[in-house]
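Residue numbers for the sequence shown, in my numbering: 2 to 260.
For reference, the structure discussed in these notes is given below.
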Amino acid sequence: MGTEMEKQVQVINKDEMEIDLLEVFFELLAHWKMIAVSTILVALIAFVGSRFLITPMYESTSQLYVLSKSTSITSVADLQIGTNLTSDYMEVISGRPVLEQVITNLGLDEDYASLYHRVTLENPSDSRIMKITVRDADPEMAKTITDEIAEVSAAYIAEKMDQDPPNIIQYGYSDNEQVSPNVAKNTMIGALLGFLLAAGVIIVSYIINDTIINPDDLEKKLGIHVLATLPHDAEEDDGDKPSANGDSQMKKLKKSISA
């Protein structure tokens, strides 16, 4: 019997673990309070961090028009030249000479790498327009820097690349509109992370829990069919307080042995 049981256990262990999704759902439902607390707590942490601990950032954008007055729009080739120049100018604007000149002109307390990571260049498709966007904690400073980059870039391109300078068609705006952090978005992400964290802990605990509580668990986890069960008698658990019926049976047993 023991050998047969061990074989059955080995066969079960070799098989892949099957997870009843319905049971997992009810397991999550049974711990809904834990999930709710975790969701609300992490969402609250994300809200407080985004609202009070992270420095708000602002953006300002200026625009350059690459097609200069010496270029005519008479053929596809002219348009292609303007597009190629746009790509070249984007490399020049983000280069060290231009940004370091901007730092010097404005007396910024930062180096090239720091300013470089705060500048974003964009070229909308099928256009010869370059957008220079600067991010800063001060909206007025963001406007000042993006305007200076546009002016220094135009002068540098005219001097070093022997081209007509691109026209500045738009200077930056300081509309005091915060671009980061997104408090609502971060709060929702925090709530989702809190939910997933609690749900993950519950599911993992459910999967690794091999405790056998009832006959159904015995059949499910070991593959052993239960033929019969014995009723549980609480008075016989410890043996410290035997019942009166048990005492009389013991006395009768002693008498029969002495006889």
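For glycine and all other residues, C-beta sits at the position ideal for the given N, C-alpha and C.
Considering only residues of the segment 98 to 126, which uninterrupted beta strand (DSSP E) runs meet the minimum length of 3 residues and lie entirely inside it, listed in chain order? 120 to 123
Spatial neighbours of S115 within its chain, please: CB distance less than 8 Å, with the 5 preceding and 5 following residues excluded, ordered by chain position. none
Inter-stretch contact (C-beta, 8 Å, three-pair minimum) for the segment 46 to 58 and the segment 157 to 171: no
Start and end of the alpha helix (DSSP H) containing L30? L22 to A31
E141, buried or exposed, once every other Cβ within 10 Å from all chains shown has been counted against 16: exposed
Straight-line gap, I190 to A159 (C-alpha atoms, nearest Å): 47 Å
Excluding the 5 residues preceding and the 5 following E149 in the sequence, name in chain order all residues of the same chain whose CB lies nearer than 7 Å to its CB. V103, N106 and L107
I'd like the list of long-range same chain contacts for D89, defined as Cβ closer than 8 Å, with 5 residues on each side in sequence excluded. M162
Would R52 and V184 qualify as a contact pair, given that the criterion is a beta-carbon distance under 8 Å? yes
Which first and last residues belong to the alpha helix (DSSP H) in which M58 is found? Counting along the chain, M58 falls outside any alpha helix (DSSP H), though it belongs to the beta strand (DSSP E) covering M58 to Y66.
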